[in-house]
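**Student:**
2 protein chains.
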Amino acid sequence: MDHIDRALLVQLQQDATQSYAALGEAAGLSAGAAHERVRKLRARDVIRRTTVDVDPAAVGAGVLAYVMVDSAAWMGDSGADFAAIPEILEAHIIAGSASVLVKVRTATTEQLQDVLRRIYAIDGVSGTQATVALETFFERPVSPHAGDFSSPQP
Amino acid sequence: MDHIDRALLVQLQQDATQSYAALGEAAGLSAGAAHERVRKLRARDVIRRTTVDVDPAAVGAGVLAYVMVDSAAWMGDSGADFAAIPEILEAHIIAGSASVLVKVRTATTEQLQDVLRRIYAIDGVSGTQATVALETFFERPVSPHAGDFSSPQP
DNA sequence: GCTCCTCACTGAACGGCATTCGGTTCGATG
DNA sequence: CATCGAACCGAATGCCGTTCAGTGAGGAGC
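Those protein sequences? They're chains A and B, same order as listed.
Note that the first sequence covers residues 26 to 179 in our numbering.
Note that the second sequence covers residues 26 to 179 in our numbering.
(1) Using a threshold of 8 angstroms, state whether the C-beta atoms of Val94(B) and Ala120(B) are closer than that.
(2) Rounded to whole angstroms, what's the CA-CA distance from Ala171(A) to Leu137(B)? Just pull it up for me.
(3) Run down chain A in chain order and give the residues with a C-beta less than 7 angstroms from the C-beta of Ser168(B).
(4) Would you grab the beta carbon distance between Ala51(A) and Gln38(A) for me? Rounded to a whole angstrom, and I think it's under 8 angstroms.
(5) Using the Cβ count rule (16 or more neighbours within 10 Å means buried), how would you classify Arg69(A)?
(6) Just to confirm the assignment: which complete beta strand (DSSP E) runs, minimum length 3, are found wholly within the stretch 42-120 of chain B?
(7) Quick check on Arg130(B): does DSSP put it in helix, strand or coil?
(8) Within 10 angstroms of the Cβ of Asp27(B), are there 16 or more other Cβ atoms? Answer buried if so, exposed if not.
(9) State buried or exposed for Glu112(B), treating a residue as buried only when at least 16 other CB atoms are found within 10 Å of its CB.
(10) Rank Val157(A), Leu54(A), Thr161(A), Gly152(A) by C-alpha distance to the C-alpha of Ala116(B) and give the top, closest one.
(11) By DSSP, does Pro177(B) sit in helix, in strand, or in coil?
(12) Where Asp173(A) and Glu135(A) are concerned, what is the direct C-alpha to C-alpha distance, given to the nearest angstrom?
(13) Just the chain A side, please: which residues come within less than 8 angstroms of Leu34(B) by C-beta, in chain order?
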């Protein structure tokens with residue numbers, strides 16, 4: 026994981042369809058070398074997968090909400106219960122008053138209500154508190170330079 | 026946007042490196058037809074871009090937190106201020122007591138604190154409330170079938 | 001200091017697949 | 001019924017992903 030790997034990751038995050046020749050040029054490498062480095066990044070699971078960004082509104086998921094889930098019991102083994110609800114895009118155990126935080130996308134607020142109903146049905150859930158997003162400023166992938174931000178440049 | 030387009034989107038979300046021949050087979054199409062449909066999905070911005078999923082921990086961003094940002098003023102024009110902080114991955118205007126919700130990834134909790142300091146420095150921000158994720162159950166892309174979930178099948 | 005080994009890169013060659021295009025079918029429109 | 005357009009198939013072309021032999025730098029061992 027040196028600065029060349031990070032440059033490759035940045036390039037691939039921006040556009041994973043570009044040729045290895047262009048990728049290598051951006052990182053100061055030949056196409057073969059770029060290919061080899063990317064292959065290793067995949068093998069090490071630094072690159073988990075290559076995927077496409079889909080416009081949520083275009084597939085009927087224009088409503089975005091975050092839901093704090095309160096519980097009466099330990100929720101550490103309930104991951105599958107949340108994963109079974111397809112409208113839930115993320116689920117995290119959190120520190121604080123609630124115990125689980127989930128990110129939900131639905132087509133309408135009625136469907137959001139239905140998702141809340143299904144969350145209530147999960148064992149141990151004692152309450153929810155939903156927060157609806159009115160406007161999204163931006164959503165972007167994690168920066169491969171995250172580690173650099175507070176350490177002095179070498 | 027018919028069921029074939031949705032099948033293509035699902036396939037591409039799972040693995041955008043597969044050949045158009047495989048893609049077409051999964052959707053009951055020839056390679057040429059699959060290519061043409063995907064081209065149109067890109068042109069319509071249903072597919073925003075092709076990218077790679079990077080392991081946050083591998084690039085020094087192992088700490089995940091959600092921050093509720095309270096403000097004294099209207100924050101609708103402050104998107105750029107949040108975007109200027111690279112550790113912020115998402116920023117949304119929300120309904121409710123706080124006015125902005127941001128998703129943050131950093132290497133350490135010390136760096137998280139530094140991000141909070143920079144958020145405080147944004148014009149109009151009057152307070153923050155951070156929630157740290159202890160464990161992530163899952164993170165996944167939006168389902169192209171979201172619209173189907175509560176409407177009867179046609 | 002010298003040699004050996006490993007690792008990463010270059011440049012070229014091969015083959016697969018992305019991309020394009022002509023022809024066909026089907027449905028809608030007038 | 002005739003015309004038009006949209007969508008698909010199958011094949012051809014050429015680009016580019018993938019592999020490989022060769023080269024050089026760096027480190028370990030003696």
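Built from N, CA and C at the ideal position, the CB exists for glycine as well.
Keep in mind the model is a prediction, meaning the values are calculated, not measured.
**Tutor:** Short version:
(1) no
(2) 11 angstroms
(3) Pro111
(4) At roughly 12 angstroms, the Cβ-Cβ gap does not stay under 8 angstroms, so Ala51(A) and Gln38(A) are not in contact.
(5) exposed
(6) 72-79, 88-96, 113-119
(7) strand
(8) exposed
(9) buried
(10) Thr161(A)
(11) Confidence is the limiting factor: at Pro177(B) the pLDDT is only 39, short of 50, which leaves the residue's position unreliable, though a coordinate-based value still follows. Coil at Pro177(B), not helix or strand.
(12) 44 angstroms
(13) Val77, Val79, Val84
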